[in-house]
Amino acid sequence: MIDSNSLKESDRAFYFNAGAHKLIADYLKSVIDTDCLILCIGTDRYIGDCLGPITGTLLEKRGFKHPLLGTLDSPVHAVNLKKQMDYIYDKYPNHKIIAVDACLGDQEYVGSIQARKGCIYPGKGVGKLLPPIGDISIIGVVDSATRDEFFNMHNIRLSMVVKMAELVSDALFSALEC
0 MIDSNSLKES DRAFYFNAGA HKLIADYLKS VIDTDCLILC IGTDRYIGDC LGPITGTLLE
60 KRGFKHPLLG TLDSPVHAVN LKKQMDYIYD KYPNHKIIAV DACLGDQEYV GSIQARKGCI
120 YPGKGVGKLL PPIGDISIIG VVDSATRDEF FNMHNIRLSM VVKMAELVSD ALFSALEC
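If you count the sequence shown from 1, position 23 lands on 22 in numbering that gives the first Met the number 0, and the numbers rise without skipping.
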């Protein structure tokens, strides 16, 4: 069991740990003090990049009441990110943005999810130069950045990504819908 006081800026919760969604939800509750928008970044064309869209779809299916962008049917990805950012800043100028994205990391952290204050840098792990986004970040480490063939991301298990997305959506729902 994870201690609910242990999630700090540099701590991680693994998707398979009991209580991990509560840990992330409690952290989110402690840093959200205004209206917020959830931005789920990624594409369904690569298993390693679908954490965001699956999370967005799970929230949408639960009837999530807060503004939400990025689902399997309507993904936010490298091609349309700038346009979506312009839309967000125009339509929701006073909302705190919670950005959800997959990332690459050290092998020992694969399967971990981290919630923290600050923006994310979408595409950084695969060499893309995209604008940073978010006031709060939720990142899930889906593969190792040290693999020789990390651009292929062919070793990533869809089941792991789905379980991570379920945890993130449960945490967001718990933190914002109660």
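Backbone N, C-alpha and C fix where the C-beta goes; we use that ideal spot for every residue, glycine too.
* **Span separating the alpha-carbon of Gly62 from that of Ile31** => The straight-line gap from Cα to Cα measures roughly 20 Å.
* **Assigned exposure category for Thr70 - 16 Cβ within 10 Å defines buried** => A residue is called buried when at least 16 other Cβ atoms come within 10 angstroms of its Cβ; Thr70 meets this threshold and is buried.
* Three or more C-beta pairs closer than 8 Å, one from the region 21-29 and one from the region 51-65: is that the case here? -> These segments do not touch.
* Asked: Assuming Tyr120 contacts Leu36 under a Cβ cut-off of 8 Å, what Cβ separation, rounded to an integer in Å, is found between them?
  -> The C-beta distance from Tyr120 to Leu36 rounds to 19 Å, too long to fall under 8 Å, and the pair is not in contact.
* Helix, strand or coil: how does DSSP classify Ala164 here? -> In the structure shown, Ala164 adopts helical secondary structure according to DSSP, grouped into three states.
* **Cβ neighbours of Asp43 in the same chain (closer than 7 Å, five flanking residues each side left out)** => For Asp43, where only same-chain residues beyond five positions count, the Cβ hits under 7 Å are Cys49, Pro52, Leu71 and Pro74.
* For Gly110, which of helix, strand or coil comes out of DSSP? -> Under the three-state reduction of DSSP output, Gly110 falls in the coil class, being neither helix nor strand.
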